[in-house]
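A short write-up of the structure that comes next.
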Amino acid sequence: MIVTHEPWIVALSILVAIQGAYVGLSLTQELPNSAGGRRRLLLAGAAITLAVAIWSMHFVGMLAVQSPVRIDYLVLPTLISFFVCVFVVGLAVFVASSAPHSLAILAVSATVMGVGIVTMHFIGMQALHANAMVHHDPMYVVGSFLIGVIVSGLAIYFTFVGPLRPPLVAASIALGVAISGMHYTAMAGMMLHPLPTHVAAEGTAVSRDLLAVIVAIVAFASSLAFLMALVPDSVPDSTRSADRHAPADMNASFVSGAALQPAMAGSSAHIPSSADHRAATGPAMVLPIQKEGATHYLPVGRIYAVKAEAHYTTIFDGTDQLFCNLSISEVEARLSQSRYVRVHRSHIVAVEHVQSMKKSGDGAVAHLDSVTPYTVPISRRRIAELKALLDART
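This is the structure:
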């Protein structure tokens, strides 16, 4: 007997996978440029979030199964399937984000993650207890394995290796649909053969109704994380107009926002615009950053790289990534064109801090001479420009 599925629950399972993939990928994208405790936290968050997405999608998909025989789920295999998923996904993300980028590392990480996803699926299927024998068609098992490995490889490539990353939403949809595709490919090869007599469960089991409650809670938590990831950071608008008056103490790591008071005293008239300031004084000496709930000012000489984050930016100072309320175009306008170059639509780099440049796909990647390892993707049409600047530097 081939199982059938309730279409609307199938659609729901795909949605759960997509939103979980969004949160997980958004965390993994920060791993290459993070270190210490923040890196460990991001790694744990990415592993758990992606595992929750895969695990929730699997059991929401199982709730879609329509069968004439009663189906329960053994607790122990259900829990083991989740922990296996967390461990294997975390291991794959760790290897991909820590080791030098190469096709060999990509293949290893993709295989580990793909095998983990498929293993989680079939351990989860061992949790299924029904008054029927379960049979899996080997062809569909192999097909689901190939889908898991290939999709994992693409996700890792675009997150860590590829110089030109697709939009996060597009990557999340692709990964979510692929995770679901792996599950339903395996399910297409599953057959139930009803038994003539009732068989008691060999261990603690939960009913479909209780499983639905558990999965609903997990899916809700995943949805909450998804929504929180969409919430932009709150930044006071006043800092956009006041940042030009910041003192330029080039000997300090940061200048406190409190230091604005002397600079602003007696200037209640016209506050110059960005264009006015550039025309009068050229590039800015400092840029505003948000740290511990306060506005500080970072001397531009300490900027290694700038990365666009929607309408804002993160500034890398060689050690940490700092939030800035300016767009990348605004930051670019305030930096010296002789020292900084926009190498990608979402990235600016300080030429003096580029240690090496390596080919990667159609583009390239710049490695910086920073304390914390940091790489900057370079679009294909910007490679020649940056190479010329690097050659002129020597």
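For the sequence shown, counting from 1, position 27 maps to 26 in numbering that gives the first Met the number 0; every step adds exactly one. Built from N, CA and C at the ideal position, the CB exists for glycine as well.
Looking only at DSSP bridge pairs, what is TYR339 linked to?
Here residue 339 refers to the residue found at position 340 of the sequence shown. DSSP, once it has assigned bridges, lists ALA349 as partnering TYR339.
At which residues does the beta strand (DSSP E) containing TYR311 begin and terminate?
For the purposes of this step, residue 311 is taken as residue 312 along the sequence shown, with counting starting at 1. It spans 311–315 - the beta strand (DSSP E) in which TYR311 sits, taken as one unbroken run.
Can you give me the C-alpha to C-alpha distance between TYR373 and GLN336, rounded to a whole angstrom?
For this step, residue 373 is matched to residue 374 along the sequence shown. For this step, residue 336 is matched to residue 337 along the sequence shown. One C-alpha to the other measures close to 21 Å.
Among VAL168, GLN320, PHE82, which residue has its Cα nearest to the Cα of GLN289?
Position 290 of the sequence shown, counting from 1, holds the residue named residue 289. Here the closest residue by C-alpha is GLN320.
Locate the alpha helix (DSSP H) running through THR318, then write down its first and last residues.
Taking the sequence shown and counting its residues from 1, the one referred to as residue 318 is at position 319. Boundaries for THR318: no alpha helix (DSSP H) harbours it, and the DSSP string shows neither H nor E there.
Can you tell me the Cα-Cα spacing of GLU329 and HIS310, whole angstroms?
Residue numbering aside, residue 329 sits at position 330 when the sequence shown is read from its first letter. Residue numbering aside, residue 310 sits at position 311 when the sequence shown is read from its first letter. One C-alpha to the other measures close to 10 Å.
Of the residues GLY113, LEU78, ILE79, the one placed nearest VAL92, counting alpha carbons only:
Position 93 of the sequence shown, counted from the start, is the residue given in the question as residue 92. Comparing Cα positions, the closest option is GLY113.
Per DSSP, what kind of secondary structure is ILE302 in: helix, strand or coil?
Stepping through the sequence shown from its first residue, residue 302 is reached at position 303. ILE302: coil per DSSP, three-state reduction.
Which residue's Cα is closest to the Cα of ALA43: LEU26, LEU75, LEU334, MET56?
Taking the first residue of the sequence shown as 1, we reach residue 43 at position 44. Measuring from the Cα of ALA43, the nearest candidate turns out to be LEU26.
Can you round the beta-carbon distance between TYR296 and VAL285 to whole angstroms, since I take them to be within the 8 Å contact cut?
By 1-based counting over the sequence shown, the position of residue 296 is 297. By 1-based counting over the sequence shown, the position of residue 285 is 286. A Cβ-Cβ distance of about 4 Å is found for the pair TYR296 and VAL285, placing them in contact under the 8 Å criterion.
How many Å lie between ILE79 and PHE86 at the Cα?
Here the question's residue 79 lines up with position 80 in the sequence shown. Here the question's residue 86 lines up with position 87 in the sequence shown. Between ILE79 and PHE86, the C-alpha separation is close to 11 Å.
Can the beta-carbon of ALA63 be found closer than 8 Å to that of VAL9?
Along the sequence shown, read from residue 1 onward, the residue named residue 63 stands at position 64. Along the sequence shown, read from residue 1 onward, the residue named residue 9 stands at position 10. Their beta carbons are under 8 Å apart, which means ALA63 touches VAL9 by this criterion.
Rounding to the nearest angstrom, what Cα-Cα distance links GLY60 and LEU40 in this structure?
Your numbering for residue 60 matches position 61 in the sequence shown. Your numbering for residue 40 matches position 41 in the sequence shown. Within the model, the alpha-carbon separation for GLY60 versus LEU40 is close to 30 Å.
In terms of residues, what are the limits of the beta strand (DSSP E) holding LEU367?
Taking the first residue of the sequence shown as position 1, residue 367 is located at position 368. 362–367 is the span of the beta strand (DSSP E), which, as asked, contains LEU367.
Residue of GLY362, SER359, VAL353 minimising C-alpha distance to LEU388:
Translated into positions along the sequence shown, residue 388 becomes position 389. Relative to LEU388, the option among GLY362, SER359, VAL353 whose CA is nearest is VAL353.
Backbone CA spacing between GLU351 and LEU325 [nearest angstrom]:
Taking the first residue of the sequence shown as position 1, residue 351 is located at position 352. Taking the first residue of the sequence shown as position 1, residue 325 is located at position 326. If you take the alpha carbons of GLU351 and LEU325, they lie about 23 Å apart.
Can you give me the start and stop residues for the alpha helix (DSSP H) that PRO6 sits inside?
Your numbering for residue 6 matches position 7 in the sequence shown. Unbroken alpha helix (DSSP H) run through PRO6: 6–27.
From ALA332, GLU308, ALA307, VAL299, pick the residue whose C-alpha is nearest to that of ASP316; which is it?
Stepping through the sequence shown from its first residue, residue 316 is reached at position 317. Answer by Cα proximity: VAL299.
Can you tell me the Cα-Cα spacing of GLU29 and HIS366, whole angstroms?
The count along the sequence shown starts at 1 and reaches residue 29 at position 30. The count along the sequence shown starts at 1 and reaches residue 366 at position 367. Whole-angstrom Cα-Cα distance: 16 Å.
Please tell me whether, using a cut-off of 7 Å, the distance from the CB of ALA363 to the nearest non-hydrogen atom of the ligand ADP is below it.
Of ligands this structure carries none, so the ligand ADP is not represented either.
Using the beta-carbon count (16 or more within 10 Å), is VAL168 buried or exposed?
Counted from its first residue, the sequence shown places residue 168 at position 169. By the neighbour-count rule (16 or more Cβ atoms within 10 Å), VAL168 is not buried but exposed.
Nearest-angstrom Cα separation, counted from ARG392 out to ILE17:
In the sequence shown, residue 17 corresponds to position 18, counting from 1. In the sequence shown, residue 392 corresponds to position 393, counting from 1. Distance between the alpha carbons of ILE17 and ARG392 is about 46 Å.
Given this structure, state the Cα-to-Cα distance separating ARG344 from MET138, to the nearest angstrom.
Taking the first residue of the sequence shown as position 1, residue 344 is located at position 345. Taking the first residue of the sequence shown as position 1, residue 138 is located at position 139. In a straight line, the C-alpha of ARG344 is about 44 Å away from that of MET138.
Please confirm whether ILE155 and ALA103 have their CB atoms less than 8 Å apart.
Along the sequence shown, read from residue 1 onward, the residue named residue 155 stands at position 156. Along the sequence shown, read from residue 1 onward, the residue named residue 103 stands at position 104. Against a cut-off of 8 Å, the Cβ pair of ALA103 and ILE155 comes out as no contact.
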